[in-house]
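Student: Provided herewith is a single structure, encoded as structure tokens, for subsequent inquiry.
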């Protein structure tokens with residue numbers, strides 16, 4: 192049985208990449224201990240792993256097989272959706288529809304929930320809750336692009352689900368890029384980019400598939416990466432995957448001073464933690480334009496933190512222990 196769906200970043204970061212040598216299908220490497228049933232469902236002996244979603248066919252399969260253990264791997268705080276109107280309305284509606292529909296049926300089968308945040312695990316009550324951070328799948332970029340006199344390349348490495356966070360600081364960012372024509376902004380928002388940021392020194396690329404995005408990270412370098420975030424429960428439960436993206440780009444990370452980054456990033460060492468006052472973001476960018484040494488050192492510190500938090504072997508051993516395979 193095979194169902195087609197694009198592989199999710201969550202699948203790569205938390206499961207498929209660290210266990211790639213152990214995963215097969217009915218047609219390819221069928222003797223490997225973990226079998227890929229679909230892009231979000233994997234089975235191993237008497238256990239199944241569901242990554243974020245399951246559709247009606249996948250639910251019917253799981254019910255029919257009656258696995259002794261079913262792990263739900265999820266990295267969004269669905270309990271926070273009712274109060275969070277900073278998310279794009281269509282994105283929020285899709286998550287609400289899943290939460291209040293298919294998820295209820297899926298949870299009747301789930302025995303264990305795996306997530307990067309205690310906030311997420313709290314929603315699932317009596318299920319066995321297990322914390323797991325995502326792995327670093329990009330690798331750290333060389334930092335030779337951090338040189339005096341070069342154009343400051345800035346990236347907002349996020350999907351449209353973060354558009355409201357970017358809009359929070361957009362007016363100040365727009366002024367910065369107008370005042371600094373030798374700086375350039377890159378996003379992946381295409382036509383959804385805020386109008387104020389549609390500037391001559393801004394590039395708004397189309398959203399990319401996960402595989403294409405990984406190739407883009409490997410091939411491109413930036414000096415600074417932006418990760419503003421509204422002070423919402425949904426944002427506070429997000430994973431640290433943006434830290435790994437920034438390390439892959441060789442960029443110094445700028446983060447809102449909120450969880451998850453406020454408890455992880457060392458301010459001035461592995462990134463900068465900023466208030467949600469928009470002016471603090473533009474002021475910091477002005478400072479980094481004039482201080483390439485600081486920008487380099489922040490990027491280097493962020494990469495060291497990414498290597499520690501995103502250790503592939505740690506994620507691999509977690510699942511080997513849960514699934515009783517080696």
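In the numbering used here, the protein residues as written are 192 to 517. Backbone N, C-alpha and C define an ideal beta-carbon position, used for all residues, glycine too.
Tell me whether residue 266 is buried or exposed, calling it buried when 16 or more other Cβ atoms sit within 10 Å of its Cβ.
Tutor: By one-based count along the chain shown, residue 266 stands at place 75. The residue in question, residue 266, is buried, as its Cβ has 16 or more Cβ neighbours within 10 Å.
Student: How would you label residue 207, buried or exposed, when you count the other beta carbons within 10 angstroms and need 16 or more for buried?
Tutor: Here the question's residue 207 lines up with position 16 in the chain shown. Residue 207 is buried by the Cβ-count criterion.
Student: Count the other CB atoms, across all protein chains shown, that sit within 10 Å of the CB of residue 508; report buried if there are 16 or more and exposed otherwise.
Tutor: What you label residue 508 is simply residue 317 of the chain shown in a count that begins at 1. It is exposed - the Cβ of residue 508 has fewer than 16 other Cβ atoms within 10 Å.
Student: Does any residue of chain B have a CB that is nearer than 8 Å to the CB of residue 282?
Tutor: Here chain B cannot be found, since the structure has a single protein chain.
Student: Here's the rule I'm using: 16 or more other beta-carbon atoms within 10 Å means buried, otherwise exposed. How should residue 436 be labelled?
Tutor: Against the chain shown, residue 436 aligns to sequence position 245. Buried, by the Cβ-count rule.
Student: Looking at residue 532: is its Cβ nearer than 8 Å to the Cβ of residue 243?
Tutor: Missing from the structure shown is residue 532; the chain here goes from 192 to 517 and no further.
Student: Taking the alpha helix (DSSP H) that residue 486 belongs to, which residues open and close that run?
Tutor: Walking along the chain shown from the start, residue 486 turns up at place 295. Segment 483-500, the alpha helix (DSSP H) holding residue 486.
Student: Answer yes if the segment 492-500 comes into contact with the segment 460-469, meaning at least three C-beta pairs across the two stretches below 8 Å, and no otherwise.
Tutor: A contact exists between the segment 460-469 and the segment 492-500.
Student: Under 8 Å, do residue 361 and residue 396 count as touching if we go by C-beta distance?
Tutor: Against the chain shown, residue 361 aligns to sequence position 170. Against the chain shown, residue 396 aligns to sequence position 205. No, the Cβ-Cβ distance between residue 361 and residue 396 is not below 8 Å.
Student: Does DSSP put residue 516 in a helix, a strand or coil?
Tutor: By 1-based counting over the chain shown, the position of residue 516 is 325. Reduced to three states, the DSSP call for residue 516 is coil.
Student: Give the straight-line distance between the Cα atoms of residue 447 and residue 257, rounded to the nearest whole angstrom.
Tutor: Here residue 447 is taken as the residue at index 256 of the chain shown, counted from 1. Here residue 257 is taken as the residue at index 66 of the chain shown, counted from 1. Near 44 Å, if we compare the C-alpha coordinates of residue 257 and residue 447.
Student: With a threshold of 8 Å on Cβ separation, who are the neighbours of residue 314 within its own chain once the five nearest residues in sequence on each side are excluded?
Tutor: What you label residue 314 is simply residue 123 of the chain shown in a count that begins at 1. For residue 314, where only same-chain residues beyond five positions count, the Cβ hits under 8 Å are 268, 269 and 270.
Student: Note down the Cα distance separating residue 204 from residue 328, rounded to an integer number of angstroms.
Tutor: If you number the chain shown from 1, residue 204 lands on position 13. If you number the chain shown from 1, residue 328 lands on position 137. Distance between the alpha carbons of residue 204 and residue 328: 7 Å.
Student: What separation, rounded to the nearest whole angstrom, lies between the Cα atoms of residue 210 and residue 372?
Tutor: The sequence position of residue 210 within the chain shown is 19, counting from 1. The sequence position of residue 372 within the chain shown is 181, counting from 1. Distance between the alpha carbons of residue 210 and residue 372 is about 45 Å.
Student: CB residue 414 to CB residue 481, shorter than 8 Å?
Tutor: Walking along the chain shown from the start, residue 414 turns up at place 223. Walking along the chain shown from the start, residue 481 turns up at place 290. Going by C-beta atoms, residue 414 is not nearer than 8 Å to residue 481.
Student: By the three-class DSSP mapping on this structure, what secondary structure does residue 315 have?
Tutor: What you label residue 315 is simply residue 124 of the chain shown in a count that begins at 1. The answer is coil: DSSP assigns residue 315 none of H, G, I, E or B.
Student: Assign residue 215 to one of three DSSP states: helix, strand, or coil.
Tutor: Within the chain shown, the letter at position 24 stands for residue 215. Reduced to three states, the DSSP call for residue 215 is strand.
Student: Cβ of residue 412 within 8 Å of Cβ of residue 440?
Tutor: Here residue 412 refers to the residue found at position 221 of the chain shown. Here residue 440 refers to the residue found at position 249 of the chain shown. Yes, the Cβ-Cβ distance between residue 412 and residue 440 is below 8 Å.
Student: Among 326, 478, 386 and 430, which one has its Cα closest to the Cα of residue 502?
Tutor: Locating residue 502 in the chain shown gives position 311, where the first residue counts as 1. Cα-wise, what sits closest to residue 502 is 326.
Student: Which value, in whole angstroms, describes the spacing of the CA atoms of residue 452 and residue 236?
Tutor: Sequence index remark: in the chain shown, residue 452 carries index 261 (1-based). Sequence index remark: in the chain shown, residue 236 carries index 45 (1-based). Spanning the two alpha carbons is a distance of roughly 37 Å.
Student: Can you check whether the CB of residue 418 is closer than 8 Å to the CB of residue 433?
Tutor: Working through the chain shown from its first residue, we reach residue 433 at position 242. Working through the chain shown from its first residue, we reach residue 418 at position 227. Yes, the Cβ-Cβ distance between residue 433 and residue 418 is below 8 Å.
Student: To the nearest angstrom, how far is the alpha carbon of residue 378 from that of residue 274?
Tutor: As a first step, residue 378 is located in the chain shown; it is residue number 187 there, counting from the start. As a first step, residue 274 is located in the chain shown; it is residue number 83 there, counting from the start. Those two C-alpha atoms are separated by around 27 Å.
Student: So, using beta-carbon positions, are residue 254 and residue 232 closer together than 8 Å?
Tutor: Within the chain shown, numbered from 1, the residue matching residue 254 stands at position 63. Within the chain shown, numbered from 1, the residue matching residue 232 stands at position 41. Their beta carbons are not under 8 Å apart, which means residue 254 does not touch residue 232 by this criterion.
Student: Between residue 401 and residue 199, is the Cβ-Cβ spacing less than 8 Å?
Tutor: On the chain shown, position 210 is the one that residue 401 refers to. On the chain shown, position 8 is the one that residue 199 refers to. In contact: residue 401 and residue 199 (Cβ atoms closer than 8 Å).
Student: Could you check whether residue 449 and residue 422 sit closer than 8 Å to each other, using their CB atoms as the reference points?
Tutor: For this step, residue 422 is matched to residue 231 along the chain shown. For this step, residue 449 is matched to residue 258 along the chain shown. Cβ distance < 8 Å, so residue 422 and residue 449 count as in contact.
Student: Residue 193: buried (16+ other C-beta within 10 angstroms of its C-beta) or exposed?
Tutor: By one-based count along the chain shown, residue 193 stands at place 2. Low confidence applies to residue 193: its pLDDT is 46, below 50, so where it sits in the model is not reliable enough to give any reading.
Student: Leaving aside the five residues before and after residue 487 along the sequence, list all residues of the same chain whose C-beta is less than 7 Å from its C-beta, in chain order.
Tutor: Position 296 of the chain shown, counted from the start, is the residue given in the question as residue 487. Only 334 and 337 meet the Cβ criterion.
Student: Spatial neighbours of residue 339 within its chain, please: CB distance less than 6 Å, with the 5 preceding and 5 following residues excluded, ordered by chain position.
Tutor: Here residue 339 refers to the residue found at position 148 when the chain shown is read from its first residue. The residues are 483.
Student: Throw me the rounded Cβ distance for the residue 298 and residue 306 pair, which I believe falls under 8 Å.
Tutor: Translated into positions along the chain shown, residue 298 becomes position 107. Translated into positions along the chain shown, residue 306 becomes position 115. About 14 Å; that fails the 8 Å criterion.
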